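Only one structure is covered here, and it is reproduced in the block below.
2 protein chains.
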Amino acid sequence: MSKFKQIGRPKPLLDGFDKVTGRTRYAPDLTVPGMLHGRFVTSPHAHASIKNIDVSAALEVPGVTAVLTAADLPDIAPTARSRLLLARDKVIFAGQPVALVLAEDLGAAQDAVDKVWVDYEMLPAVVTLDEALADDAPLVWPSGMPGETGEAAAHGADVGGDKKEKKPSNIAGESKFARGDLAEGFAAADVVVERPFTTAMVHQSYLETFAMLVQPDPMGQGATVWTSTQAPFYVREEVADVLGVEETAVRVIPTSVGGAFGAKFLHYELLIAVAAQAVNRPVKLALTRSEDMLAANPAPSARFRIKLGMKQDGTITALEADVTFDTGCYPSEHGIAAFLMGSLYQIPHLEIRYTEVLTHKLSTAAYRAPGAPQAAFVLESTIDEAARQLNLDPIAVRLQNASQPGDPMAHGKPWSTMGMTEVLQRLQDHPAWQNRAEARAKGRGVGIALGGWPGGIEPTAASCQLHRDGTLHVHVGSVDLTGTTTGFSLIAAEAFGVTPDRVRVISGDTATASFAGATGGSKITYMVGPSVIKAAQDARQQVMEIAANELEADVADMEVVDGCVQVKGVPDRAIQLEDIAQKTMRFGGKYAPVVGNGRHANTTNSPGFAAQLAEVSVDAETGEVTVHKLVVVQDVGQVINPLTLEGQIMGGAMQGLGWALYEQMAHDSYGTPLTGSWMDYNVPHFIHAVPEFEAVFVEVPTEFGPFGARGAGEPPIIATAAAVGNAIADATQARLADLPMTAPRVIAALKR
Amino acid sequence: MSKFKQIGRPKPLLDGFDKVTGRTRYAPDLTVPGMLHGRFVTSPHAHASIKNIDVSAALEVPGVTAVLTAADLPDIAPTARSRLLLARDKVIFAGQPVALVLAEDLGAAQDAVDKVWVDYEMLPAVVTLDEALADDAPLVWPSGMPGETGEAAAHGADVGGDKKEKKPSNIAGESKFARGDLAEGFAAADVVVERPFTTAMVHQSYLETFAMLVQPDPMGQGATVWTSTQAPFYVREEVADVLGVEETAVRVIPTSVGGAFGAKFLHYELLIAVAAQAVNRPVKLALTRSEDMLAANPAPSARFRIKLGMKQDGTITALEADVTFDTGCYPSEHGIAAFLMGSLYQIPHLEIRYTEVLTHKLSTAAYRAPGAPQAAFVLESTIDEAARQLNLDPIAVRLQNASQPGDPMAHGKPWSTMGMTEVLQRLQDHPAWQNRAEARAKGRGVGIALGGWPGGIEPTAASCQLHRDGTLHVHVGSVDLTGTTTGFSLIAAEAFGVTPDRVRVISGDTATASFAGATGGSKITYMVGPSVIKAAQDARQQVMEIAANELEADVADMEVVDGCVQVKGVPDRAIQLEDIAQKTMRFGGKYAPVVGNGRHANTTNSPGFAAQLAEVSVDAETGEVTVHKLVVVQDVGQVINPLTLEGQIMGGAMQGLGWALYEQMAHDSYGTPLTGSWMDYNVPHFIHAVPEFEAVFVEVPTEFGPFGARGAGEPPIIATAAAVGNAIADATQARLADLPMTAPRVIAALKR
């Protein structure tokens, strides 16, 4: 029997009913009276000077209130993509907003967009890594690189490494992890695998595009911002900064997020805030799918060259790699790809070089475990190939080289508590692996791969109040992306001593909640959960003190049972929670309101590992890959809510399938986007792409997480593409080295 | 030298600059796009049936969106004046809203009001107490009295006493305080004074009339309510109830209040909330002065009969009184008038009967120390007259009979800590009293009187957060009426250890603050202050712990100095508060956000007493009374901010002058209001009415208030009218027994 009363019991998403019945109102659904609709005029060119913008015809369209250009907005430094408000003098990618039409209705706005005339003078664009790195390459930022964006850091992706000083170029950053002596390492190897890899620019493909509504405060200062964001406090900080008001004058209400996956930290909120301020009207912007695909924040493409040595006994002796990310027109720190490649296994000799390069394409940003699926695809494919050449068991090889808690990572600091070995062992025991011969007998291949995510840390606070109806309202500063609200209702219920129906969780509103950082880095349950526990325990102590006083008993003898506080084991001597609450909020009341508070910080992350197994078949004629089975064995520390956890792991793995087989954003040689809609961009479809799926929970508890839980959001996406690639190799002996592994590429590999 | 660094130092109102320069946006100033303006169709009759309402012509006025009548609104029980939304079938006072026009602009709304046709059938109205108490009187509530309103209780005015069961009548409540044997008491007296008194219906005469703006939530549930209220949490509770949503779905943002004085707890907010819900548009209502005077919440008129016996040695032997309040069409508990008459002095034999009567007039409610100015006028005039007849010193008589802490009040419970004796002694020593012979030599009279207010108690909580810029933001649930925000900035600064410019106080927003009850009952500094201290001390402890860790020192050795936390006496080992804050709110930070919390409740009130002296002259020909000097000696426990305190005391005393000499709302025999504007209703004018004024602070600290402070809002209004009446008697030997003491009444008294 579980030691918990609420934790670990399956609880459907609290907002699930509203979502499946269409009741949830997402940001694009919001309207306030007097609201204007915004619509962008965007650049068709990847690189051009703006000679003139003529808005006069657009302004004559009935219903159009304003057509804003950069000249109408404050001239803030474009140090981050979110601060590149409207193009000023120059465009640096196709799809970049040049003007913003504001109109009473969307039709008028769209009509007016077509009547804005922009005179461009085209400039040469760098589109590929080779073009960008050429000696005489046109520079994306000839006057110097814009500042760091902060999003990468907030995602746990900034892990350090030695950084070189930058020279005027399109290189936004370089770093290196090194130890030992490569020559010695490769000399000791019995086999050396050396190979280039590439991975595609991939869009997060949230169902809900970017959308926000900004309403200027009728009291004259600040604004209310409804936005589909992962990072309300970050939005608040930035909006307050560009509006020139105190942070508390801006209220950010994060709306239900229809998918984010790392993309939705901050994008057009600053632009819409200054636009709303300029016209003193509420302004809504909801991107079309095409606008979103042309100018949002997808994952960057990357190019790798890897060289790995292995001895016949399975020891990895040396690893050398060049990791080059094309992050579009803004920097986007993905050095963690290099870090992870050098950290998962204990390799005595390694050198991994990371280079970040800018091109005249849309900016890129975080996508669930940013950099890790790419790194895992490259590293895990290479290890698989080495093991295959040496005829070694791929799980055994990984177990043999696996880092253990305390072992050094690429930067020399030790690994924290983690279940890397445990997930490999559990997968080893799994029927899908044990019975792989049966699958092979059917002509299928079985591949496995491993992925891990360090997990972010960020201080949090939470509070709770007991309301007149006896419910405990918990305020957390974090946005619910994956069911954390439901999880917190279990966590608070467990800690307070009630059933979850007596708990309400209010998420992310910057006016009502304490700071909790952005939802990203697999850190919400991990970092906010402990604050929720402390807050609920604090409130529990308070209600027990009040009840003890009312019942003339000792606080130590009180317990919370069935919505009452009672003398332990004596239900006759009890007081209902609603009665307690009412005593604290009335004239002449003798007890202070029940307000529980929790504050939490720690300096120890708790990495999450997932081992994956894919069972595939390959149609040698068409090149089509069919994934029949996908098993994800993940260390979650402690299951809080098995229902949402399974959904989260499955969702991650399905996105991993997108990386593996389907998704790539493409540009032509001029930098013109070729994938401007889901007609051109292939996401996994439920009917065709979803295999038999199993999520297996491993519980290696961490003392730092709530009730032992560790972050679970990022790990399940990481190893999928590698597992599928290894399964293809198992089935066909052909090694795929480019993502996505589309049918033409499979055909080509089979022919090699 | 003060033991405090910040407390007791004069600090101008933080919002003073904005107020005097017209920057403050009050509720009537607010606009949100798409907002409708509301305007009432009101009843011209005091009592009538509604036969028909024809809105068709009104609906044709361009710009009119809707004309709502009771039929368009939920049929909620009118258990309180605020729940009497629009008249349904019947009107019970002249000025009662019958329909609500909603239009795009105010002009259209007003035009449409004139085109709503209401067919009334007039019914007989009871207007006076005698009519209301007659055997066959028409009943204001023939089907039974509406529920208690709660406002009286929330004002500290519900003090118990034996209550009789009610019979079908216009009597809303009866109670009695009695002890000893009246016959014995009067038999022991050397002089018995017996006299009727009356006091007028008086309007609070706030500069800002009732105003509110309700915006339905674009997320689909609840609403945001901006309103000029003293009681945001009460407004939230009630609005949520009538909208049928959870309390947290309603956000009440109390706007800067342009005067309230007890009137602005809840009035039209429920009506406007259901109206906004009905049309799904933001709706603003801002009453005209006339609408406000016809249908808001003034203080009730009252009738007294008092009989008091005194011995030659100054002992008060007996007190008998009938106290009858005419509270208009709704009950409004004012039994505290009877309670105070029986509590201030230790009188062995007393019986005081309180009766509350309804009439077909507008409802009444609390006005600063509700019931106390009336009670003080009656009791202090009578004691003065008895002392005068016995040729006794009026201050000495009061000191002789004054209750002491621990003595029984009218209901038998003991007086708490108080400075009743101390304020009388300080007044006795004051030059204005010591030199009264000089004033009399100029033909003037000098009168004194005493007033006290028990002071309310209500649990509170407060929180504070250290922000990135190093400022401490304090959230309190109370509305600032009298400078409490400025006071809390001193209190928080003192407790946290910074200067007040590093403190921001955010008041009363129900979404951001913990519960604090309504601003009323002289309890905000007294009850919220301790929560602010605790919250700031909690935050102080947290920053000292972080600093100690950063500076590798012991927490016990830390101090907060000049915006830094430093090792005591070692400014070189210091860390700035902004640096501390930033360490708590960033990815990877190792310290939890600084969130301080305070919760406070106590069961002990700390009454506030004020003795007043008036020096007057009376023009025997015109009856005009000129007040030359007014001195208020008030026990405030501990001065927090002498500037605002002096203003508050002066403001109260000036309102007391209004009660004394100028203000009365009148109705004709049909119940038609005769005082519908400030043309007809006489408030004290600055040029003519304001005398030489002095506020004297007495500090009898209470262990229950913040740094010793006690409530200061209500005491200064109480004794003014009595002091002026006693001064008139001193000057003329004539006793005025009716408020206000207008020139015709003075002439009549002089003639007696």
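Taken in order, these protein sequences are the chains called A and B.
For the first sequence, the positions run 1250 to 2001 when my numbering is used.
For the second sequence, the positions run 1250 to 2001 when my numbering is used.
Think of the CB as a built atom: it goes at the ideal place given N, C-alpha and C, for glycine as much as any other residue.
Just so we're clear, the structure is a prediction, and the values are computed from it rather than from any experiment.
Could you work out which residues of chain B lie near residue i, taking near to mean beta carbons separated by less than 7 Å?
i, result
"Val-1844(A)", "Ala-1710, Ser-1763, Asn-1846, Arg-1848"
"Gly-1837(A)", "Ile-1706, Glu-1707"
"Gly-1857(A)", "Result: empty, since nearest Cβ-Cβ is about 17 Å, beyond 7 Å."
"His-1722(A)", "Thr-1497"
Taking CB distances under 9 Å as the criterion, tell me whether residue i reaches chain B.
i, result
"Ala-1402(A)", "Residue placement at Ala-1402(A) is poorly supported in this model, since its pLDDT is 42, which falls under 50; the coordinates still yield a value, given next. Closer than 9 Å: yes."
"Thr-1833(A)", "yes"
"Met-1559(A)", "no"
"Glu-1963(A)", "no"
"Arg-1272(A)", "yes"
"Gly-1770(A)", "yes"
"Gly-1563(A)", "no"
Chain A beta carbons: is any one of them nearer than 9 Å to that of residue i?
i, result
"Ile-1706(B)", "yes"
"Thr-1398(B)", "Bear in mind that the predicted position of Thr-1398(B) carries a pLDDT of just 41, short of 50, making it unreliable; the figure below should be weighed with that in mind. No, Thr-1398(B) lies away from the interface with chain A (no Cβ there is under 9 Å from its Cβ)."
"Pro-1904(B)", "Looking at the sequence shown, residue 1904(B) is not Pro but Gln. Not closer than 9 Å to any Cβ of chain A, the Cβ of Gln-1904(B) fails to qualify, so no."
"Asn-1851(B)", "yes"
"Gly-1405(B)", "Because the pLDDT at Gly-1405(B) is just 44, under 50, the model does not fix this residue reliably, and the value given afterwards should be weighed accordingly. Cβ-Cβ to chain A under 9 Å: yes for Gly-1405(B)."
"Trp-1475(B)", "yes"
"Met-1450(B)", "no"
"Ala-1841(B)", "yes"
"Ile-1502(B)", "yes"
"Ser-1780(B)", "yes"
"Phe-1588(B)", "no"
"Gly-1215(B)", "The question about residue 1215(B) has no answer, for chain B in this structure spans 1250 to 2001."
Report yes or no: is there a C-beta of chain D within less than 9 Å of the C-beta of residue i?
i, result
"Arg-1994(B)", "Considering every chain present, this structure includes no chain D. Its protein chains are A and B."
Using a cut-off of 9 Å between C-beta atoms, extract the partners of residue i located in chain B.
i, result
"Pro-1580(A)", "Within chain B, no residue comes near Pro-1580(A); the closest Cβ sits about 17 Å away, beyond 9 Å."
"His-1716(A)", "Glu-1495, Glu-1496, Thr-1497"
For residue i, go through chain A and note every residue whose CB falls closer than 7 Å to its CB, in chain order.
i, result
"Pro-1531(B)", "Pro-1282"
"Gly-1766(B)", "Phe-1836"
Under 9 Å, CB to CB, which of the residues in the region 1748-1761 of chain B have a partner in chain A?
Arg-1753, Ile-1755, Asp-1758, Ala-1760, Thr-1761
Which residues of the region 1274-1291 of chain A have a Cβ closer than 8 Å to any Cβ of chain B? Give them in chain order.
Arg-1274, Leu-1279, Thr-1280, Val-1281, Pro-1282, Gly-1283, Met-1284
Please determine if the region 1785-1793 of chain A and the region 1843-1852 of chain A are in contact, where contact requires at least 3 C-beta pairs separated by less than 8 Å.
yes
Report yes or no: do three or more beta-carbon pairs, one from the region 1922-1930 of chain A and one from the region 1667-1685 of chain A, lie closer than 8 Å?
no
Counting Cβ pairs closer than 8 Å, one from the region 1803-1823 of chain A and one from the region 1654-1665 of chain A, do we hit at least three?
no
Count the C-beta pairs between the region 1550-1561 of chain A and the region 1456-1470 of chain A that are closer than 8 Å, then say yes if the count reaches three, no if not.
no
Any C-beta of chain B within less than 8 Å: which residues of the region 1789-1808 of chain A qualify?
Gln-1791
Using 8 Å as the cut-off, can you tell me whether the region 1950-1957 of chain B makes contact with the region 1908-1915 of chain B, which would need three or more C-beta pairs spanning the two stretches below that distance?
no
Going along the chain, which residues of the region 1458-1487 of chain B sit with their C-beta nearer than 8 Å to a C-beta in chain A?
Leu-1462, Gln-1464, Pro-1467, Met-1468, Gly-1469, Trp-1475, Phe-1482, Glu-1486
I want to know whether the region 1872-1891 of chain A touches the region 1794-1812 of chain A - three or more CB-CB distances under 8 Å.
no
Are the region 1936-1947 of chain A and the region 1886-1906 of chain A in contact at 8 Å, needing three or more beta carbon pairs?
yes
Check whether the region 1380-1387 of chain A and the region 1344-1354 of chain A are in contact - that is, three or more C-beta pairs closer than 8 Å.
no
Does the region 1959-1970 of chain B come close enough to the region 1899-1906 of chain B that 3 or more CB-CB pairs lie under 8 Å?
yes
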